[in-house]
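Per the working numbering, the very first residue in the sequence shown carries number 9; after that it's consecutive. One structure is given here, and the rest of the page talks about it.
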Amino acid sequence: MRAVWLKEFGGPEVLVAGEASDPVPGPGQALIEVAFANITFVETLFRASGFGPFKPELPVIPGNGVGGVVTSVGEGADRGLIGRRVVSVTGGSGGYAELAAVDAAGLIEVPDGVELDTAVALLADGRTATALIRAAGPRPGERVLVEAAAGGVGTLLVQLARAAGATVVAAAGGARKAEVARDLGAQVVADYREPGWTDVVREAVGGVDVVFDGVGGPIGRSAFELLDRGGRMLSYGLASGEWADISDGAAAARGVTLVRGPSVKPEEMSALTASALAEAAAGRLRAVIGQRFPLERAADAHAAIESRATVGKTLLHVR
Ligand SMILES: NC(=O)c1ccc[n+]([C@@H]2O[C@H](COP(=O)([O-])OP(=O)(O)OC[C@H]3O[C@@H](n4cnc5c(N)ncnc54)[C@H](OP(=O)(O)O)[C@@H]3O)[C@@H](O)[C@H]2O)c1
Numbered sequence: 009m010r011a012v013w014l015k016e017f018g019g020p021e022v023l024v025a026g027e028a029s030d031p032v033p034g035p036g037q038a039l040i041e042v043a044f045a046n047i048t049f050v051e052t053l054f055r056a057s058g059f060g061p062f063k064p065e066l067p068v069i070p071g072n073g074v075g076g077v078v079t080s081v082g083e084g085a086d087r088g089l090i091g092r093r094v095v096s097v098t099g100g101s102g103g104y105a106e107l108a109a110v111d112a113a114g115l116i117e118v119p120d121g122v123e124l125d126t127a128v129a130l131l132a133d134g135r136t137a138t139a140l141i142r143a144a145g146p147r148p149g150e151r152v153l154v155e156a157a158a159g160g161v162g163t164l165l166v167q168l169a170r171a172a173g174a175t176v177v178a179a180a181g182g183a184r185k186a187e188v189a190r191d192l193g194a195q196v197v198a199d200y201r202e203p204g205w206t207d208v209v210r211e212a213v214g215g216v217d218v219v220f221d222g223v224g225g226p227i228g229r230s231a232f233e234l235l236d237r238g239g240r241m242l243s244y245g246l247a248s249g250e251w252a253d254i255s256d257g258a259a260a261a262r263g264v265t266l267v268r269g270p271s272v273k274p275e276e277m278s279a280l281t282a283s284a285l286a287e288a289a290a291g292r293l294r295a296v297i298g299q300r301f302p303l304e305r306a307a308d309a310h311a312a313i314e315s316r317a318t319v320g321k322t323l324l325h326v327r
């Protein structure tokens, strides 16, 4: 099969397409003929330096999420799965490939009416955004600030917060990205590449009740300053290269609750993705797929993500 290899950590160019032996589904596994592979921001960090939750040995085929059709199963797995449209995590590697052997018990069936590309786009980002919204529990009328609001997770947070009745403040890097968030329902938008972006937010809504901080660094710290007493700061990423790093003391002094995570238990992951897929099937959640790259061009996909040029989700189109 064709696959993308990572033989050493480094820039996007270390992702090189080549041949790999076809995986054979072992006991309890299913073989997926991959239509789309997911790319998350954290996979660019892994490629660069090995950062992240998974520590596979090199060389490795990266990629933790795929979607496609089950073509065969291993011993003990349900043969009724063959022919089904599914999405699945891979356990941290093997996703950027034409075939993936995964745990059959972890397969998530794609509901009727949801395209495979949408399902792959929601596999990780939908899970993360759903977990974050549940952890924050925004109430109707609360003011919710979403950073990187035009990104993979951000575009979903904007929609889910709006659906909960919140007033959504979308913060993003650049006017084009801010408009993407407005189109998804954000009532207030701010471009944090502009100095004084927090003044724009203050003038529009005073302060905020919830911050979803996937960027960290100075942007995360500025967003924290916007929180009113009783507010919640959910820090779930460091796209800027560093965490917002708000101390417990600083949060307590302002009457703000810090939530670091989301801490999703492995047994909860599939249900969270399934919830996002059900929302999509009901027409209440839209996956914004801004970029599609052929498998062979995984390096270009990574380069686009880390240069901040992407909007919404970036997928590898495998077959
Ligand atoms: N995907 C998941 O399931 C998941 C799970 C756990 C944690 N996270 C975390 O959530 C955050 C968002 O993940 P995502 O996959 O949805 O990515 P993404 O938002 O599609 O891409 C990252 C975004 O971060 C912003 N950013 C700010 N400073 C940046 C910098 N110095 N370099 C690059 N980007 C920068 C950019 O948006 P602007 O140009 O608008 O600033 C960029 O588009 C990441 O921190 C990620 O680690 C994601």
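Backbone N, C-alpha and C define an ideal beta-carbon position, used for all residues, glycine too. Fair warning: this is a prediction, and the values are worked out from it, not measured in the lab.
Selection from the options that minimises the alpha carbon distance to residue i
i      : options                           : result
Val319 : Gly238, Gly181, Arg147 and Asp120 : Gly181
Glu233 : Gly263, Gly249 and Phe62          : Gly263
Met241 : Pro35, Asp253, Ser101 and Phe220  : Phe220
Thr206 : Leu235, Lys185, Asn72 and Gly222  : Leu235
Val32  : Leu303, Val177 and Ala109         : Ala109
Gly91  : Val78, Gly99, Gly82 and Gly84     : Val78
Glu202 : Ala186, Ser283, Pro148 and Gly193 : Ala186
Asp133 : Pro35, Thr48 and Gly149           : Thr48
Gly347 : Pro274, Leu124 and Ala158         : Since the first residue shown for the chain is 9 and the last is 327, residue 347 is missing from the structure and cannot be characterised.
Arg229 : Ala172, Thr175, Ser248 and Gly214 : Ser248
Pro287 : Thr265, Arg316, Thr175 and Ala171 : One point to set straight first is that residue 287 is Glu, not Pro, in the sequence displayed. When only C-alpha atoms are compared, the closest one is Ala171.
Ala158 : Ala127, Val128, Leu192 and Gly145 : Leu192
Val326 : Lys15, Gly34 and Ala43            : Ala43
Gly19  : Gly204, Arg237, Gly99 and His310  : His310
Ala28  : Tyr104, Pro146 and Thr265         : Tyr104
Gly291 : Gln37, Gly160 and Thr126          : Thr126
Phe299 : Ala317, Gly58, Arg10 and Glu41    : Reading off the sequence shown, one finds Gln at residue 299, where the question assumed Phe. Nearest of Ala317, Gly58, Arg10 and Glu41 to Gln299, Cα basis: Ala317.
DSSP three-state assignment for residue i, whether helix, strand or coil
i      : result
Val97  : strand
Gly114 : helix
Ala289 : helix
Arg274 : Reading off the sequence, residue 274 comes out as Pro, not Arg. In this structure, Pro274 counts as helix in the three-state DSSP scheme.
Gly88  : helix
Val122 : coil
Ile69  : coil
Val154 : strand
Gly173 : coil
Arg327 : coil
Ala139 : helix
Glu21  : helix
Gly162 : helix
Contact set for residue i: own chain, Cβ-Cβ below 6 Å, skip 5 residues either direction
i      : result
Val24  : Trp13
Val208 : Ala198
Glu21  : Ala307
Leu131 : Asn46, Gly73, Val95 and Thr281
Val97  : Asn72 and Gly73
Neighbourhood of residue i by C-beta distance below 7 Å, restricted to the same chain and skipping five residues each side
i      : result
Ala143 : Leu242, Val267, Gly269 and Pro270
Residue-chain proximity (residue i, chain B), Cβ-Cβ < 7 Å
i      : result
Gly222 : Among the chains in the structure shown there is no chain B, since it carries only a single protein chain.
Any non-hydrogen atom of ligand 2 closer than 6 Å to residue i Cβ
i      : result
Asp199 : Ligands present in the displayed structure are limited to ligand 1, and ligand 2 is not among them.
Cβ shell of residue i (< 8 Å), same chain only, five flanking positions each side left out
i     : result
Arg87 : Val81
Next item on the list: Tell me the start and end of each unbroken beta strand (DSSP E) in the segment 186-255 that is at least 3 residues and wholly inside, in chain order.
Entry: 196-199, 216-221 and 235-243
Next item on the list: Counting only runs of 4+ residues fully inside the segment 30-66, write out the alpha helix (DSSP H) ranges in chain order.
Entry: 49-57
Notebook entry, point to check: Can you find at least 3 beta carbon pairs, one from the segment 113-133 and one from the segment 245-253, that sit closer than 8 Å?
Noted result: no
Notebook entry, point to check: Okay, do the segment 132-150 and the segment 178-197 touch, 3+ Cβ pairs below 8 Å being the bar?
Noted result: no
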